[in-house]
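Contents: one structure, followed by commentary.
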Amino acid sequence: MYRLAFAAAIALASLSATGHADTKRGEYLVTIMDCGGCHTPGQMLGKPDHSRFVAGGDVGFQIPNVGIFYPPNLTPDPETGLGKWSKADIIKAVTKGERPDGRVLAPVMPWHSYGRLNPQDADSLASYLKSLKPVSNKVPAIAAPHDKPASPYLTVIIP
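With mature numbering (1 follows the signal peptide of the UniProt record, and there is no 0) applied, the sequence shown covers -21 to -1, 1 to 138.
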(Lines of atoms letter the chains of each structure in order from A and count residues from 1; the text may use other names and numbers.)
(Lines give C-alpha, C1' and ligand atoms only; values in the text may rest on other atoms or scores of the structure.)
Protein backbone atom coordinates (compact mmCIF):
# COMPACT_ATOMS: atom_id res chain seq x y z
CA MET A 1 0.00 0.00 0.00
CA TYR A 2 2.81 2.39 0.94
CA ARG A 3 4.59 1.72 -2.38
CA LEU A 4 1.39 2.44 -4.31
CA ALA A 5 0.84 5.76 -2.50
CA PHE A 6 4.49 6.70 -3.04
CA ALA A 7 4.27 5.84 -6.75
CA ALA A 8 1.07 7.88 -7.08
CA ALA A 9 2.72 10.88 -5.37
CA ILE A 10 5.70 10.66 -7.73
CA ALA A 11 3.39 10.46 -10.75
CA LEU A 12 1.38 13.49 -9.62
CA ALA A 13 4.52 15.51 -8.94
CA SER A 14 5.84 14.60 -12.38
CA LEU A 15 2.55 15.58 -14.03
CA SER A 16 2.54 18.96 -12.24
CA ALA A 17 6.12 19.62 -13.23
CA THR A 18 5.38 18.67 -16.84
CA GLY A 19 2.34 20.95 -16.94
CA HIS A 20 4.39 23.84 -15.57
CA ALA A 21 7.22 23.13 -18.01
CA ASP A 22 4.73 23.00 -20.89
CA THR A 23 3.24 26.34 -19.86
CA LYS A 24 6.71 27.88 -19.56
CA ARG A 25 7.58 26.51 -23.01
CA GLY A 26 4.33 27.99 -24.33
CA GLU A 27 5.18 31.38 -22.83
CA TYR A 28 8.58 31.19 -24.54
CA LEU A 29 6.93 30.34 -27.87
CA VAL A 30 4.36 33.14 -27.59
CA THR A 31 7.27 35.50 -26.94
CA ILE A 32 9.52 34.44 -29.84
CA MET A 33 6.57 34.12 -32.24
CA ASP A 34 5.68 37.72 -31.24
CA CYS A 35 1.99 37.01 -30.71
CA GLY A 36 1.85 40.14 -28.57
CA GLY A 37 3.09 42.25 -31.47
CA CYS A 38 -0.30 42.10 -33.16
CA HIS A 39 -2.63 40.81 -30.44
CA THR A 40 -1.84 43.30 -27.62
CA PRO A 41 -3.81 46.57 -27.49
CA GLY A 42 -1.64 49.61 -28.16
CA GLN A 43 1.37 47.57 -29.28
CA MET A 44 1.28 48.70 -32.89
CA LEU A 45 0.74 52.31 -31.79
CA GLY A 46 3.88 52.25 -29.64
CA LYS A 47 1.94 52.24 -26.36
CA PRO A 48 1.36 48.59 -25.43
CA ASP A 49 -1.12 47.90 -22.65
CA HIS A 50 0.77 45.12 -20.87
CA SER A 51 -2.16 44.56 -18.51
CA ARG A 52 -4.07 43.28 -21.56
CA PHE A 53 -1.29 41.18 -23.11
CA VAL A 54 -2.64 39.28 -26.17
CA ALA A 55 -6.18 40.50 -25.43
CA GLY A 56 -6.70 41.61 -29.04
CA GLY A 57 -5.17 44.23 -31.29
CA ASP A 58 -6.65 47.64 -31.93
CA VAL A 59 -4.88 48.17 -35.25
CA GLY A 60 -6.17 46.13 -38.15
CA PHE A 61 -4.75 44.90 -41.43
CA GLN A 62 -6.46 45.89 -44.66
CA ILE A 63 -6.18 43.45 -47.51
CA PRO A 64 -7.37 45.15 -50.71
CA ASN A 65 -10.66 43.75 -52.03
CA VAL A 66 -10.92 41.45 -49.00
CA GLY A 67 -11.43 43.65 -45.93
CA ILE A 68 -9.89 44.84 -42.69
CA PHE A 69 -9.08 42.26 -40.03
CA TYR A 70 -8.30 42.98 -36.37
CA PRO A 71 -6.14 40.57 -34.35
CA PRO A 72 -8.48 38.71 -31.95
CA ASN A 73 -8.31 38.32 -28.20
CA LEU A 74 -6.16 35.27 -27.38
CA THR A 75 -6.95 35.19 -23.65
CA PRO A 76 -9.40 32.57 -22.34
CA ASP A 77 -12.23 35.08 -21.88
CA PRO A 78 -15.39 33.13 -22.79
CA GLU A 79 -17.18 36.04 -24.48
CA THR A 80 -14.43 37.97 -26.30
CA GLY A 81 -11.53 35.53 -26.40
CA LEU A 82 -10.65 31.87 -26.74
CA GLY A 83 -12.46 30.75 -23.58
CA LYS A 84 -14.85 28.46 -25.46
CA TRP A 85 -12.09 27.01 -27.62
CA SER A 86 -10.42 23.73 -26.70
CA LYS A 87 -6.67 23.27 -26.87
CA ALA A 88 -7.27 21.28 -30.07
CA ASP A 89 -9.18 24.25 -31.53
CA ILE A 90 -6.28 26.60 -30.75
CA ILE A 91 -3.74 24.18 -32.21
CA LYS A 92 -5.79 23.80 -35.40
CA ALA A 93 -6.09 27.57 -35.80
CA VAL A 94 -2.39 28.20 -35.21
CA THR A 95 -1.12 25.34 -37.39
CA LYS A 96 -3.81 24.96 -40.06
CA GLY A 97 -5.38 28.42 -40.16
CA GLU A 98 -8.90 27.19 -39.39
CA ARG A 99 -11.23 28.40 -36.63
CA PRO A 100 -13.68 26.05 -34.87
CA ASP A 101 -16.51 27.53 -36.98
CA GLY A 102 -14.64 26.54 -40.15
CA ARG A 103 -13.66 30.07 -41.15
CA VAL A 104 -10.12 30.42 -42.50
CA LEU A 105 -7.92 32.93 -40.69
CA ALA A 106 -6.93 36.17 -42.42
CA PRO A 107 -3.87 35.76 -44.62
CA VAL A 108 -1.86 38.16 -42.43
CA MET A 109 -1.83 35.51 -39.68
CA PRO A 110 1.37 33.53 -40.33
CA TRP A 111 -0.18 30.13 -39.66
CA HIS A 112 1.66 28.68 -42.66
CA SER A 113 4.92 29.20 -40.76
CA TYR A 114 3.43 28.19 -37.41
CA GLY A 115 2.17 25.01 -39.08
CA ARG A 116 5.73 23.75 -38.74
CA LEU A 117 5.47 23.65 -34.94
CA ASN A 118 6.04 20.16 -33.61
CA PRO A 119 3.06 18.66 -31.75
CA GLN A 120 4.62 19.21 -28.32
CA ASP A 121 5.29 22.90 -29.00
CA ALA A 122 1.81 23.44 -30.44
CA ASP A 123 0.34 21.85 -27.30
CA SER A 124 2.57 24.00 -25.06
CA LEU A 125 1.49 27.15 -26.88
CA ALA A 126 -2.19 26.26 -26.47
CA SER A 127 -1.64 25.34 -22.80
CA TYR A 128 -0.06 28.71 -22.14
CA LEU A 129 -2.86 30.64 -23.82
CA LYS A 130 -5.44 28.66 -21.83
CA SER A 131 -3.50 29.46 -18.60
CA LEU A 132 -3.67 33.24 -19.03
CA LYS A 133 -5.99 35.43 -17.00
CA PRO A 134 -9.16 36.02 -19.05
CA VAL A 135 -9.39 39.62 -20.26
CA SER A 136 -12.67 40.95 -21.62
CA ASN A 137 -11.75 42.93 -24.73
CA LYS A 138 -13.93 42.92 -27.82
CA VAL A 139 -11.88 43.85 -30.87
CA PRO A 140 -13.39 45.73 -33.80
CA ALA A 141 -15.40 43.59 -36.20
CA ILE A 142 -14.05 42.62 -39.60
CA ALA A 143 -14.79 45.40 -42.07
CA ALA A 144 -15.78 44.52 -45.63
CA PRO A 145 -13.81 46.24 -48.41
CA HIS A 146 -16.17 49.22 -48.68
CA ASP A 147 -17.17 49.50 -44.99
CA LYS A 148 -15.90 52.30 -42.80
CA PRO A 149 -13.43 50.78 -40.29
CA ALA A 150 -13.99 51.25 -36.57
CA SER A 151 -10.28 51.61 -35.72
CA PRO A 152 -6.94 52.38 -37.37
CA TYR A 153 -5.50 49.87 -39.79
CA LEU A 154 -2.45 49.13 -41.90
CA THR A 155 -2.82 48.39 -45.60
CA VAL A 156 -1.21 45.25 -46.96
CA ILE A 157 -0.23 45.83 -50.56
CA ILE A 158 0.32 42.74 -52.63
CA PRO A 159 2.69 43.36 -55.55
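We put the CB at the ideal spot given by N, CA and C, even for glycine.
Inset, instruction - Could you pull out every residue in the same chain whose Cβ sits closer than 8 Å to the Cβ of D56, ignoring the five residues on either side in sequence? - result: A34, G62, P113, V114, S115, N116
Legend entry - Sheet register partners of Y132 (DSSP bridge): Per DSSP, the beta-bridge partners of Y132 are G39.
Legend entry - Three-way DSSP call (helix, strand, coil) for E77 in this model: Three-state result, E77: strand.
Legend entry - Same chain, Cβ closer than 7 Å to V135, five either side skipped, listed in chain order: F40, Q41, I42, V87
Inset, instruction - Tell me whether the beta-carbon of I69 lies closer than 8 Å to the beta-carbon of L96. - result: The beta carbons of I69 and L96 sit no closer together than 8 Å.
Legend entry - Cβ-based neighbour list, K71, same chain, cut-off 7 Å, excluding 5 preceding and 5 following: E77
Legend entry - A122 - DSSP class collapsed to helix/strand/coil: strand
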